[in-house]
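J.:
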Amino acid sequence: KQWYQRRVAITAGISIISNSVTIGPRDSSGEFVFAVDHCFAVKGQGTVLTGTCLSGSIGINDTVKISNTKLEKKIKTIQVFRKSVEKLHQGDRAGLCVAQFDPKLLERGLVYTGSVVKTVYAVVIDLNKVAYYKGNITSKMKYHVSI
Numbered sequence: 005k006q007w008y009q010r011r012v013a014i015t016a017g018i019s020i021i022s023n024s025v026t027i028g029p030r031d032s033s034g035e036f037v038f039a040v041d042h043c044f045a046v047k048g049q050g051t052v053l054t055g056t057c058l059s060g061s062i063g064i065n066d067t068v069k070i071s072n073t074k075l076e077k078k079i080k081t082i083q084v085f086r087k088s089v090e091k092l093h094q095g096d097r098a099g100l101c102v103a104q105f106d107p108k109l110l111e112r113g114l115v116y117t118g119s120v121v122k123t124v125y126a127v128v129i130d131l132n133k134v135a136y137y138k139g140n141i142t143s144k145m146k147y148h149v150s151i
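Numbering-wise, the sequence shown is residues 5 to 151 according to the numbering used here.
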C-alpha cells in the first residue's frame, strides 16, 4: 500500500509540474549568441566549442566572433547530439567546429555575430559570496559574469 501511495504522489507531482511549465516559441531572428561551456581540439578537424544557442541562428561557413579574443572564425561544421546539421537555432545545444583556434584561449564565454556583445577588460565590483562557495575571494581573481 505504501509503494502505491508514493507512486500516486510522484505521478501527481509530475502532472502538476508538467501542467504549469510552458515552453515559449523559439525565435531565430536577431543576432546569434552562443554560450560556450567547453572548448577542445580535435586533431585534423579544428576546435570544437560546445554550448547553447541563446538567440538567433547560424549556419555552416558563417563567420562568428569569439569573446575576449577579438578573433573572427568561420564555422566548419555543426553537430547537435552527434548529428551534423546545416543550421543552429535558438535553444539548441550543439558543438561548433572552427579551424585554427587554440582552445586554451577560451574556457567559457560567448560566440556571437554583429556587435550584440559588449566586453570589458576589467571592472571594480563589490562582491557578496554565496553560502555554498567555500573558497576564498582574493584580489586579481578571474570571474565570468553575464548581465
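Note that beta-carbon positions come from the ideal geometry of N, C-alpha and C, so glycine has one too.
Hey, quick one: how far does the beta strand (DSSP E) through residue 4 stretch, first residue to last?
T.: Because the chain spans 5 through 151 in this model, residue 4 falls outside it and cannot be assessed.
J.: Which residue or residues does DSSP assign as beta-bridge partners of residue 97?
T.: 56.
J.: DSSP beta-bridge partners for residue 34?
T.: BP columns for residue 34 are empty, so no partner.
J.: Look up residue 17 in the DSSP assignment and give the residues it is bridged to.
T.: Answer is none; residue 17 lacks a bridge partner.
J.: Classify residue 116 as helix, strand or coil using the three-state DSSP reduction.
T.: DSSP places residue 116 in strand when its eight states are reduced to three.
J.: Here's a check: name, in chain order, each residue in its chain whose Cβ is nearer than 6 Å to the Cβ of residue 84, leaving out the five neighbours to either side.
T.: Only 96, 98 meet the Cβ criterion.
J.: Taking C-alpha atoms, which residue in 31, 70, 65 lies nearest to residue 122?
T.: Measuring from the Cα of residue 122, the nearest candidate turns out to be 70.
J.: Alpha carbon to alpha carbon, what distance is there between residue 16 and residue 67?
T.: Taking the straight line from one Cα to the other gives about 48 Å.
J.: Since residue 41 contacts residue 54 with CB under 8 Å, what's their CB separation in whole angstroms?
T.: Confirmed, about 6 Å.
J.: Nearest to residue 143 by alpha carbon, out of 135, 136, 134, 130?
T.: The shortest C-alpha separation from residue 143 is found at 130.
J.: For residue 31 and residue 138, what's the separation of their Cα atoms in angstroms?
T.: Roughly 39 Å between the two C-alpha positions.
J.: Check the C-beta distance from residue 105 over to residue 51 and give it rounded, since I have them as a contact under 8 Å.
T.: Between residue 51 and residue 105 the Cβ distance is about 4 Å, and since that is below 8 Å, they are a contact.
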